[in-house]
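For reference, the structure discussed in these notes is given below.
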Amino acid sequence: MRETNRRGILRDRFVLGVLRSSPFILFALLLLTFGLLSPRFLQPSTLLLILNQASYIGILAVGMTLVLLTAGIDLSVGSIMYLAATVAGLLLQRDLPIAAALAACLATGALYGAVNAFFITRFNVIPFVVTLATLIAGRGLGLAITRSEGLTLPNSLFTLSSLRPFGVPIAVYVFAGVVLLATLFLQLTPLGRHIYAIGNDPDAAEKAGLNRKRTIVAVYVVSGVCAALAAFVSISQLGIVNPSFGEGEELDAVAAAVLGGTSLFGGVGSVFPGTVLGTLLIQMVQSGLVFARVDIFIQPLVQALVILVAVLIDSARNGLLARLRRRTIRKTVSVPGGD
Amino acid sequence: MTASQIPLLEVEGLTKSFFGVRAVSEVGFGISAGRLLGVVGENGAGKSTLMNMLGGVVPPDAGTMVVSGRPYAPRRPKDAKEAGIAFIHQELNLFTNLSIAENLFIDAYPRLGGLPFIHRADLRRRAKRALGAIGLNVPVTTRVEALAPGERQLVEIAKAVNAEARLIIFDEPTTSLTHRETERLFTLLETLKGEGTAIIYISHILADVLRLADEVMVLRDGALVERGPRPTFDTRRLISLMVGRDLAQLYPPPAAPQDAAVEPVLETEGLTQPGTIQDISFRLHRGETLGVFGLMGSGRSELARILFGLDRYRTGRLTLRGQPVDHLTPQEAIARGVAFVTENRREEGLLMDASITENMSLVTLHEDARGSLGVIQQRDLEGRVACLGGELRLKAPDYAHPVRTLSGGNQQKVVLGKWLAAKPDVLIIDEPTRGIDVGAKYEVYNLVRELAARGTGVLFISSELEELIGMCDRLLVMQNGEIVGEFGSPFDREAILAAAFREAV
Amino acid sequence: MRSVNPTDAPNRTGGLATLGRRLVVSEYFVILLAALLFVVLWPIVPRIASPQNLANLASNVWPLLAIAVGQTLVLIVAGIDLSQIAVVALTSVVGGAVMTQAANPVLFEQTPLWGVLLSEGGGILSGSPLAVPVALVVMLGVGALIGLFNGSLIAFARVPPFIMTLVSLSFFSSFAVFLTRAENISNLPSAFTVLGQGEILPFVSFAALVSLSLALSIGFLLSRTVFGRWVYAVGQNPRAATISGVPRARVVVAVYTLSALCATVGGVLYSARLGLGRPGFGQGFDLLLDVIGATVIGGTSLFGGQGKILWTVFGVILFVLLTNALNLLNLSYFTVNIVKGSFILAAALLDVARRRLLVTM
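Here it is as structure tokens:
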């Protein structure tokens, strides 16, 4: 009897181990599959291309991760991107220096995030509703400014985006910088740790004297700035701001964070490796399908399926973890702790 | 200067009303360094409000507080902390996703020079020192979610000690602790006292208060009814002071003696679920009250969940009302006459925002519904609930009110009520009197007696041995997921405790 | 905050304030607000009360109401269904492919439907008297399957509803686009389009009949049956509900299936009105935002356990009236967006205020 128990536990441990490293395994499997389908896929230049394309959605997802850690959500990031890009585009069209346009772009994002935060903290409206409302209103505001017309950007910006120090596209540096800063912030600053604490138990945080409102404000402002930066990176690659720019990006950002192991219920998740891995996973599938010359109408189907698989694995992992935690009664069993 | 003579905290005429109702009325007391003041009172007697005023959670309407000779008027919990007063709430304020060290310094991280970064090495070093001071031997980088309830409590105490609290308020600290953890806590309290810390200790467990306190204070209806040195009190006197009248007995008398040949309503044989319970075999008879005693983590609650079909078992046999059961679900269990009052009524027992009627009718909705669509006959349903409520002596102005507005005791009656409606043959009750006051306890006991008299077999799970001895015909003792002993009346306390603690200590 | 003193003698202003409070807390507040909006707008844009505009208003209410009713159910069990618009799109395409009377080979030759369901002569049942009934059954079947799929994974695999229905949304809306390679299927039989355009009596359209009966039946199910009580119980406290014998998983699966079926009905009405099998319903989020916005404005909580079909009816009416008024005022698409967004926010703020009032009353 004891022997079979032990074997059952070992099996559970193994399954758990596999599930825990599932993002990595999925990543490797997909890399292999696309490599087999199209050997060119595994060349360093291709992988750099994927990184380059992933960078703007990655930056967006980093901001979203912070928000999700507080058990919130920011649905408005797509509209923030559009509004910030519009501001930047208009300034660039008037021949202002790129640095000034970037500063204005980021300030727009920060302001937008502050508006979200204001309604969330001042009136206690849940983030889902606030950011849903500002998603709609923000897009309207942007369209009102541009009169629903596309903005063509000067070449100087495009030249900047095609810089490749040490052979690596500049957008990748920006992405890496954001990831580094966010990781330092989350892991090593008191405010970063307070984000985890508030996401875990907001009431306890209040009682412990943490400034919940200030932290929430910080998180949404950071998310706004990240969205604006993502917009800037993206428009510098595209050279144009379309009226539909940024539409639906909020869902990709949430998907990237969740695929990387960030919980929608707050308190659990990481920017590195979590969200970075999630972003790469999504972008790799997208690029891989293009490389494998898959029908463009089938591509989104495959993408959705891959995300579904990742989501199911994540649920299976959480379920197994919960079951294993419950087995703490009998002494013959040692408990696998959290990761 | 002798510390023990100068009162650390002095309170006078403290008063607080909510919506015109006095929750605390002109309470005054003092406590000196190195002393332990026990505070007892029924739910709603004003203990929490009083402590919340001390802790800066709510401001008093009137009255003064003085700490070490200086006026003290906290407006936020932080003010209390700065005055050296720490408040350890019943629900712990720990962040389970963070490490012990981070929890200890969550609002005062050591910084790296003048930088905004956390000095990790320093954090670990200081946390280690803090844990050492209270004798908790766990790596400081362990996440709180991996700790046992008792260890979490110790972390909370370490937080208070670490903040150099001179007065620590404990609100029901032992409710989720095992016996061994409780003993450890008590030893620590002695140590803290020895170091000059003053302690206010609130508990429903009168024996603990009488054991620990230097002085005892009894509250009733927001007023201080008695205060004095411990030797002037005993359990009986405390209870009559709390309730305001003499309770003839703590436990209602049992019904007529049971017929020995009655049929079993619940029978298990070799029930095993790896990791939780092992080889559980027993019989519960019609009209019998069978106690299950065990420490926290002995597998008693897990057994209850399995018997109700909430968790699975791998091997063994389960028989309900003589019928073998296979793959039990809660619906199936209810259909076979099983009822289950869980240990935490807020999380698992009640729909807190739903009305009394909705809660009490939830289990038996089908009985008041007609047709294949299940159309509810609202009038029948309300009539039945009103009838039940009368039987339970439920005190509520209106059955359309949400149960959130009820006292703990009345909430527990609602939980019992919804199961009474189903007329169960097997009633599993897990810690039914936890956190409810003496008067309500007696009523819960009464209901159990009545059910047993009507032929229900009751499986009474509790960590309070006195309660089990007072209520049960037979007693099973669980330990490490197994039944390690069976006892009949008259009960031998020593033997029962010995069985429960074997290996565990 | 001023503490409430129950002994305050009721004076004139106090009486008015109490009346105001009663009004704000009342469940008819949203419909009163809609009526007020209408009355205020009437002198400004008299056209709003023209029979033509009223008919237009109504025809905008019915499909949205059908979908919002399903969303209400899901919100009550503390879930959310983002995939509803994908259901609208996919059922629209599939139904169209079954019953269309002609298909242009230039547009459809490359689609996976060509030769399977579609040919030059139209859909597989083109011209048959059974075409419309079969198409409706197929549409409902497809909708139910998607709902079952969502519900099962949410109930059994414990995937968070937001993520699950998000994935469903992207998969099934892409699938609808894939089936026709983004082309609309036209030439739908008149027996079908009459559902969206025809009237039984003046002002009583088929769409009104369908949508109102749906709202009434779901409303009855929620407020008068055992199943309804279970839905609320699961939304309020799934653990307590399970222990009280509520079949949580079955309730959740049923709710998501019903939600998808409601979306299918909305799909039928939209497709019939346009006379198109249109894969584009699932692209862009305007429709989804309308559904969630209208439901939330009605007062259904995103936290579960609270909501009524009646509230959703009111919410949809207010939302449609608002959009209509903004259009009549000749405001641009973007101003409409700004106002709509502000309205959702205002509704949420109002909800917070209502809750506070309820606590102190």
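Chains A, B and C are the protein sequences, given in the same order.
In this text, residue positions in the first sequence follow my numbering: the first is 3, and each later residue adds one.
In this text, residue positions in the second sequence follow my numbering: the first is 28, and each later residue adds one.
In this text, residue positions in the third sequence follow my numbering: the first is -10, and each later residue adds one.
Think of the CB as a built atom: it goes at the ideal place given N, C-alpha and C, for glycine as much as any other residue.
*Let me know the secondary structure DSSP gives B/HIS428 once reduced to three states.*
DSSP places B/HIS428 outside both helix and strand once states are collapsed to three, so it counts as coil.
*Go ahead and label B/PRO101 buried or exposed: buried means 16 or more other beta carbons lie within 10 angstroms of its beta carbon, across all protein chains shown.*
B/PRO101 counts as buried, since at least 16 other C-beta atoms from the protein chains shown sit within 10 angstroms of its C-beta.
*Which residue spans inside the stretch 121 to 168 of chain A form an unbroken alpha helix (DSSP H) run of at least 4?*
You should have 129 to 148, 157 to 163.
*Whole runs of the alpha helix (DSSP H) within the stretch 9 to 54 of chain A, excluding any shorter than 4 residues*: Fully enclosed alpha helix (DSSP H) runs of 4 or longer: 24 to 39.
_So if I threshold CB-CB distances at 8 Å, which residues from the stretch 167 to 181 of chain C count as touching chain A?_
If the cut-off is 8 Å between Cβ atoms, the stretch 167 to 181 of chain C has PHE167, ARG170, ALA171 near chain A.
*Which of the residues in the stretch 349 to 373 of chain B, read from start to end, lie with their CB under 7 Å from any CB of chain C?*
Flagged, chain order: PRO357, GLN358, ILE361, PHE367, THR369.
_Considering only their Cβ atoms, is the gap separating A/VAL127 from C/LEU338 smaller than 8 Å?_
Against a cut-off of 8 Å, the Cβ pair of A/VAL127 and C/LEU338 comes out as a contact.
*asked:* Checking the sheet assignment: what are the DSSP bridge partners for B/ASP457?
replied: For B/ASP457, which the question treats as bridged, DSSP gives the partners B/ILE488.
*State the Cα-Cα distance for the pair A/GLY290 and A/PHE36, rounded to the nearest angstrom.*
Looking at the two C-alpha atoms, the distance is approximately 6 Å.
*Please list, in chain order, all residues of the same chain as B/ILE115 whose beta carbon is under 8 Å from its beta carbon, the five residues on each side excluded.*
So the qualifying residues of the chain are GLN180, GLU183, ILE184, ALA187, ILE195, ILE196, PHE197, ASP198, PRO200.
*Can you give me the start and stop residues for the beta strand (DSSP E) that B/GLN305 sits inside?*
First-last of the beta strand (DSSP E) with B/GLN305: 304 to 312.
_Any beta carbon from chain A within less than 8 Å of B/PRO121's own beta carbon?_
Checking the sequence, you will find Leu at residue 121 of chain B rather than Pro. It does; some Cβ of chain A falls within 8 Å.
*Pairwise C-alpha distance: C/ILE113 and A/LEU77*: Roughly 42 Å between the two C-alpha positions.
*Looking at B/ILE232 and B/LEU64, is the spacing between their C-beta atoms short of 8 Å?*
Contact annotation: B/LEU64 and B/ILE232 have beta-carbon atoms that are not nearer than 8 Å.
_With a threshold of 8 Å on Cβ separation, who are the neighbours of B/GLY297 within its own chain once the five nearest residues in sequence on each side are excluded?_
Result list for B/GLY297: ASP306, ILE307, SER308, THR342, GLY343, ARG344, in chain order.
*Could you give the distance in angstroms between the alpha-carbon of C/LEU317 and the alpha-carbon of A/ARG149?*
The straight-line gap from Cα to Cα measures roughly 19 Å.
*Can you grab the Cα-Cα spacing for the pair C/CYS251 / B/VAL412, in whole Å?*
Between C/CYS251 and B/VAL412, the C-alpha separation is close to 35 Å.
*asked:* 8 Å is my cut-off, CB to CB: does B/ALA381 come that close to chain C?
replied: For B/ALA381, the nearest CB of chain C lies under 8 Å from its own CB, placing it at the interface with that chain.
*asked:* With three or more beta-carbon pairs closer than 8 Å as the criterion, would you say the stretch 453 to 470 of chain B touches the stretch 351 to 371 of chain B?
replied: Contact holds: three or more Cβ-Cβ distances are below 8 Å.
*Can you check whether the CB of C/THR301 is closer than 8 Å to the CB of C/ALA57?*
Against a cut-off of 8 Å, the Cβ pair of C/THR301 and C/ALA57 comes out as a contact.
*asked:* Counting beta carbon pairs with one atom in the stretch 84 to 101 of chain A and one in the stretch 202 to 212 of chain A, are three or more of them shorter than 8 Å?
replied: No contact exists between the stretch 202 to 212 of chain A and the stretch 84 to 101 of chain A.
*Under 8 Å between C-beta atoms, does A/GLY340 make it to chain C?*
Any reading at A/GLY340 must be qualified, since the residue scores a pLDDT of 33, below 50, and its modelled position is unreliable; the value itself is stated next. Closer than 8 Å: no.
*Quick one, which of C/LEU190, C/ALA196, C/LEU184, C/TYR221 has its alpha-carbon nearest C/VAL63's?*
Measuring from the Cα of C/VAL63, the nearest candidate turns out to be C/TYR221.
*With 8 Å set as the bound, which would you pick, yes or no: does the beta-carbon of A/TYR198 sit closer than that to a beta-carbon of chain B?*
So yes, A/TYR198 belongs to the interface.
*Using a beta-carbon distance below 8 Å, is A/PRO204 in contact with chain C?*
It does not; no Cβ of chain C falls within 8 Å.
*Spell out a yes or no on whether the stretch 228 to 239 of chain C and the stretch 147 to 158 of chain C are touching, meaning 3 or more CB-CB pairs, one atom from each, closer than 8 Å.*
Output reads no: the stretch 147 to 158 of chain C does not touch the stretch 228 to 239 of chain C.
*Does the distance from the CB of C/VAL123 to the CB of C/VAL87 come in under 8 Å?*
For C/VAL123 and C/VAL87, yes; Cβs fall inside 8 Å.
*Identify the residues that DSSP records as bridge partners of B/TYR436: which are they?*
Sequence check: residue 436 of chain B is Gly here, not Tyr. The bridge partners DSSP lists for B/GLY436 come to none.
*First and last residue of the beta strand (DSSP E) that includes A/VAL296?*
Neither: A/VAL296 is in no beta strand (DSSP E) and is coded neither H nor E.
*Could you pull out every residue in the same chain whose Cβ sits closer than 8 Å to the Cβ of A/ILE100, ignoring the five residues on either side in sequence?*
So the list reads LEU94, SER158, LEU159, LEU162, once near-sequence residues are dropped.
*Cβ-Cβ separation, A/SER246 to A/GLY144 (assumed contact under 8 Å), whole Å*: That pair is no contact at about 11 Å.
*Tell me, please, whether the CB atom of B/ILE488 is closer than 8 Å to any CB atom in chain C?*
No, B/ILE488 lies away from the interface with chain C (no Cβ there is under 8 Å from its Cβ).
_DSSP three-state assignment for B/LYS43, whether helix, strand or coil_ = Looking at B/LYS43 - three-state DSSP - the assignment turns out to be strand.
*Specify the secondary structure class of B/PRO351 as computed by DSSP and reduced to three states.*
Reduced to three states, the DSSP call for B/PRO351 is strand.
*Inter-residue Cα distance where the pair is B/GLY436 and A/PHE267*: When the Cα atoms are used, B/GLY436 and A/PHE267 turn out to be separated by approximately 32 Å.
*Can you tell me the Cβ-Cβ gap for B/ALA360 and B/PHE335, rounded? I've got them flagged as a contact below 8 Å.*
5 Å between Cβ atoms; contact.
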